[in-house]
Every structure is written in structure tokens, then in C-alpha cells.
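The sequence shown lines up with residues -26 to -1, 1 to 322 when you count with mature numbering (1 follows the signal peptide of the UniProt record, and there is no 0).
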Amino acid sequence: MRKSRFIVIMFIAVGAMALFVQPVKAVPSKDTLTVTAKTSDNGKVPAVVGSNWVYAYTLPCNSIFSDTLHVELVITNTNDSTPQSYTIGFSKSGNPALSGTATSLPANFSLADDGNPVMKDIPITTGSLAPGDYLLNIGITYPNSDVSAGNPNSIQVKIHVNECAASVPTCFFTDSNGNFLADCSGALVSTNSGGTFMLVDKKNGTIIATNPGQFYYNYIWTNDGPTVDVQVQLSDLVNLVPQGANAVHAYTFDTAGFTQDIDSFNMVNNDGTPCGPFGPCTINVGEGDTLWVTWHLAYKGIGEQKPGAGYSCPGQEPIGAAARLVDANNTVTVVAGGCSASATGYNK
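Pasting the structure below:
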């Protein structure tokens, strides 16, 4: 009798345990997506950084970026189910210069888990990029409940645009006919310093003229970048005053046919854009074109007592002027650096 009760009790206990022990459900397995970024049309090989394929570029100032990326996608059947297909898509974010219309993403497409790779192209073409850093993030979209992606599984495009190196202009003084000033040996001076002039005075010591009688400050710059609107800024007059309501003129030449000579000098002054006595003025300079600016000036000490300039060349009475070019749409950006010209005068 005792034995029967014991057996009954054991059956009851085992049954109670069976009520509380539930079978462990297996976690459903997923198919596996592999994303492989390939060498771009421009030969850029992407690097793996964390979960990203990274294309990194360094470009000159104001460059236009253009390249096509190639991405291989493949899904392998790792969920032990019958063959399946999934909708794969692309997304983009980041700097608007890259994530906007500059980047064309592939349309959504169906990809089977048969292990056969599919290649997709991503062309990117921007406008002119100012100096700075640009980032484009490209994501791959897929049904998370059925597919898992190994790393790396997304793409980044990083572009660094170098600061603009201001193009180097030339500047010099001429007389009213476009002739260079001479040094003490009589040699013509085509650079920004070393020229001389004479101060002509009456017997009472009053300056009545200079030789040459007037001066032109000249500034020449060739645009080796894209077309740009520049603002001509003139400054740093030393013992000089502008002549006339439009002492400043600016003219652009097609560099292919440009010659720095007196005919071109006259073209600037006769046909160039008038810019007032001191400027500034805005000029459109095409890619490869040459800008020539002239500033018509005269010695400001006429009618005054002669200075202590000395009576021998090169003398000690300075004259000078300067100019530079800035971006007309962003005047803190220097397009072409300042160039100062100077000369010295002596009493005759």
C-alpha cells in the first residue's frame, strides 16, 4: 500500500514539472547580405573603416568632382529555407553638395539568395567645390527581419578640397604711353620696383612737373581656375592722386591671343570697363583669360615746395600703389593676392 502511494505521488510531481518546463524555441536564422565596394572609375580603391567602405579624395581649390562607384551585392542562403528574393535599396545623406542631385542612386531591385552577385553603379558629379570637407553617406536598405548584413555594409565618400592658393599677379608703373619707367642706367624696369622719375622745380623751389608727367599703375593676372567674378580693390597710394572720374579701367583678354604690349595697354584704357577714380569694380574673368587693370595717377606734390629727395638718381621721393582681387560674391576670399608697385623720384 505504501509503495502504491509513493508511485502515485511521483507521477503527480513529474506531471507538475511537465506543466512548467516549456520547450525552448529556436531563433529563426537569416539570409546573409554581403556588400563589397569596388575600385571606382577614377581608380580609387576604397578602404574598410569599421562598418563602412570609405572612398577618400583630396582635390584642388574649386574643383568639380566626378567619379562612378561600383558596389557588388550578394545574398547567400543561410536560413535553411527554400530560395527567396528580397527588395534591396539605397539611401543617401550628408553634405548637400554631394547628397543632393549630384549623386544618382540605383533604383530598388530584387535580389535572390542564390549567391549570385549583382553589381550596381553610383555616379557622382558635383558643381565647383569650395575649400572644405565634404561627406556622403550611402546606406543599403533590406528587410531586417529576414536578412542580416556583415560588415562593412555601407559606403562613405569623403572629399577634402584644399584652400585656394591665390594666383600670382604682376604689377608695374608706366608712363601715359605705356612705356616702363627707367632705372638710373636708363634700362626699362618691367618689375614692381626700381623705376625712377624726375621732379622739375622752379628756381624758387616749387615743383611744377614730373618727368614723366603722369603715371599708370598696371596690374595683370591670368586666371588659371574656373570662371569667376572678381572685385578689383585698389589701395596704398603713396604721393599719388587719381586722374579723372574714371582713372581705373579693367579689360580681359583671351590668353591664347594675349600679348603684353602698348597696343594692349591702350585697349585697356580705351575699351576697358571704367571703375571710377579708386574702384572697386566687378569683372567677370573666364577660365584661362587675362585681366589687365590700369590706374591713371599723378604726383600729388605739384605746386608744393620740392621735397628732400636729393639731386641724384634714384632719389628718395617714393610713389606707390597696390591692388588685389577678391571673389565678388564673397569678398573675404582672395582670388589673386596684392601686388605693390613703387618708384623713386629725385630733384632735377
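Here a beta-carbon is modelled for each residue, glycine too, at the ideal position from N, C-alpha and C.
{"Asked": "Going by the DSSP bridge assignment, what does phenylalanine 146 pair with across the sheet?", "Found": "Asn192"}
{"Asked": "Compare the C-alpha of alanine 156 against each of Ser150, Gly168, Cys145 and name the closest.", "Found": "Gly168"}
{"Asked": "Is the region 216 to 233 touching the region 259 to 273 in the sense that three or more CB pairs, one from each, lie closer than 8 Å?", "Found": "yes"}
{"Asked": "To the nearest angstrom, how far is the alpha carbon of aspartate 175 from that of serine 286?", "Found": "15 Å"}
{"Asked": "So within the region 55 to 129, which uninterrupted beta strand (DSSP E) runs reach at least 3 residues, ignoring any that extend past its ends?", "Found": "59 to 68, 83 to 86, 92 to 103, 106 to 115, 121 to 123"}
{"Asked": "State the start and end residues of the unbroken alpha helix (DSSP H) segment that holds aspartate 237.", "Found": "236 to 245"}
{"Asked": "Determine the contact status of isoleucine 62 and aspartate 87, defining contact as a CB-CB distance below 7 Å.", "Found": "no"}
{"Asked": "Can you list, in chain order, the residues of its chain with a C-beta nearer than 6 Å to that of leucine 7? Leave out the 5 residues immediately preceding and following it.", "Found": "Ile49, Tyr116, Val121, Ala123"}
{"Asked": "Which same chain residues end up closer than 6 Å to alanine 296 when comparing Cβ atoms and leaving out the 5 residues on each side of it in sequence?", "Found": "Ser209, Asp210, Gly312, Ser314"}
{"Asked": "So which of Gln130, Lys177, Thr144 has the shortest CA-CA distance to valine 163?", "Found": "Thr144"}
{"Asked": "Just the Cα atoms here: how many angstroms apart are glutamine -5 and asparagine 26?", "Found": "Because the pLDDT of glutamine -5 is 49, which lies under 50, any placement of that residue in the model is unreliable, and the number read from its coordinates should be weighed accordingly. In a straight line, the C-alpha of glutamine -5 is about 42 Å away from that of asparagine 26."}
{"Asked": "Please say whether serine 159 and glutamine 188 have beta carbons closer to each other than 7 Å?", "Found": "no"}
{"Asked": "For alanine -1, I'd like the list of residues in its chain whose CB is within less than 8 Å of its CB, leaving aside the five on either flank, ordered along the chain.", "Found": "Reliability fails at alanine -1, whose pLDDT of 48 lies under 50, so the model's placement of it is uncertain and the value that follows must be treated cautiously. Hits under 8 Å: none found."}
{"Asked": "Could you tell me which residues DSSP pairs with tyrosine 273 in its beta bridges?", "Found": "Leu214"}
{"Asked": "Would the region 96 to 103 and the region 29 to 43 be scored as touching if the rule is three or more Cβ pairs under 8 Å?", "Found": "yes"}
{"Asked": "Roughly how many whole angstroms lie between the Cα atoms of tyrosine 60 and histidine 134?", "Found": "36 Å"}
{"Asked": "Starting from valine 163, follow its DSSP beta bridges and name the residues at the other end.", "Found": "Answer is none; valine 163 lacks a bridge partner."}
{"Asked": "If you run the structure through DSSP and keep just helix, strand and coil, what is glycine 231?", "Found": "helix"}
{"Asked": "Under a three-way DSSP split, which group does cysteine 313 fall into?", "Found": "strand"}
{"Asked": "Which whole-angstrom value describes the C-beta separation of cysteine 138 and asparagine 240, a residue pair presumed to lie in contact below a C-beta threshold of 8 Å?", "Found": "With 8 Å as the limit, cysteine 138 and asparagine 240 do not qualify as a contact, their Cβ atoms being about 33 Å apart."}
{"Asked": "Of the residues Asp107, Leu47, Gln130, which one's Cα is nearest the Cα of proline 91?", "Found": "Leu47"}
{"Asked": "Classify serine 73 as buried or exposed, calling it buried when 16 or more other Cβ atoms lie within 10 Å of its own Cβ.", "Found": "buried"}
{"Asked": "Helix, strand or coil: which one does DSSP assign to glutamine 290?", "Found": "coil"}
{"Asked": "If leucine 103 and glycine 68 are in contact, beta carbons under 8 Å, what's the gap, nearest whole angstrom?", "Found": "Incorrect: roughly 13 Å between the Cβ atoms, too far for contact."}
{"Asked": "Could you check the C-alpha separation between serine 238 and phenylalanine 146 for me, to the nearest Å?", "Found": "15 Å"}
{"Asked": "Go through its chain and collect everything with a Cβ distance to alanine 71's Cβ below 8 Å, but skip five positions before and after it.", "Found": "Thr100, Gly101, Leu103, Tyr108"}
{"Asked": "Pull up the DSSP beta-bridge partners for asparagine 258, would you.", "Found": "Asp203"}
{"Asked": "Straight-line CA distance for glycine 246 to lysine 132?", "Found": "43 Å"}
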